[in-house]
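In terms of the working numbering, the sequence shown opens at residue 56 and continues consecutively. Glycine included, every Cβ here is placed at the ideal spot set by N, Cα and C. None of these values were measured; they are calculated from a predicted model. Notes follow the structure.
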Amino acid sequence: GMESIERHEQQIIAYALERLAEVPGVQVFGPEAQYKGGVASFTFEGAHPHDVAQILDAEGIAVRAGHHCAMPLHNKFCIPATTRASFYLYNTREEVDRLIEGLYKVKTLFG
């Protein structure tokens, strides 16, 4: 039921945050996994979020880039935009791993 969905969402976002922390230049915004829904908004040093999203899209990885209806918050932190990966009951650890592989491709392109 819903408890299983919530547990999976917590596990997948915790795994995603752990993996995102491994990528040099990635800064994730928001609380720790235990206080978070299945969304990770991040920036990548040296690459605009729209460029990150376009490269990931070419790799078959769906993310969003922009203000995500939170422009005042982005302005407060002086962030032009973020890239956002969202996870839910149908996402797997393997898909998180593909996201990380895609981010390493971004790192290669933007150094």
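Could you check what DSSP says for alanine 136 in three-state terms: helix, strand or coil?
Looking at alanine 136 - three-state DSSP - the assignment turns out to be coil, as it is neither helix nor strand.
Using a 10 Å radius around the Cβ and a threshold of 16 neighbouring Cβ atoms, would you call isoleucine 67 buried or exposed?
When all chains shown are included, isoleucine 67 counts as buried.
Quick one: is serine 59 buried, meaning 16 or more other Cβ sit within 10 Å of its Cβ, or exposed?
Residue environment for serine 59: exposed (fewer than 16 other C-beta atoms within 10 angstroms of its C-beta).
Measure the alpha-carbon distance for isoleucine 110 versus glycine 157 and round it to whole angstroms.
Spanning the two alpha carbons is a distance of roughly 8 Å.
Are there 16 or more other CB atoms within 10 angstroms of the CB of arginine 139, so buried, or fewer, so exposed?
With 16 or more Cβ atoms within 10 Å of its Cβ, arginine 139 is classed as buried.
List the endpoints of the continuous alpha helix (DSSP H) containing alanine 71.
That run of the alpha helix (DSSP H) goes 57-75.
Using DSSP with H/G/I as helix, E/B as strand and the rest coil, what is threonine 163?
DSSP places threonine 163 in the helix class (H, G or I) of the three-state scheme.
Provide the residue span of the beta strand (DSSP E) that contains glutamine 82, from first to last.
Judged by DSSP secondary structure, glutamine 82 falls within the beta strand (DSSP E) whose first and last residues are 81-84.
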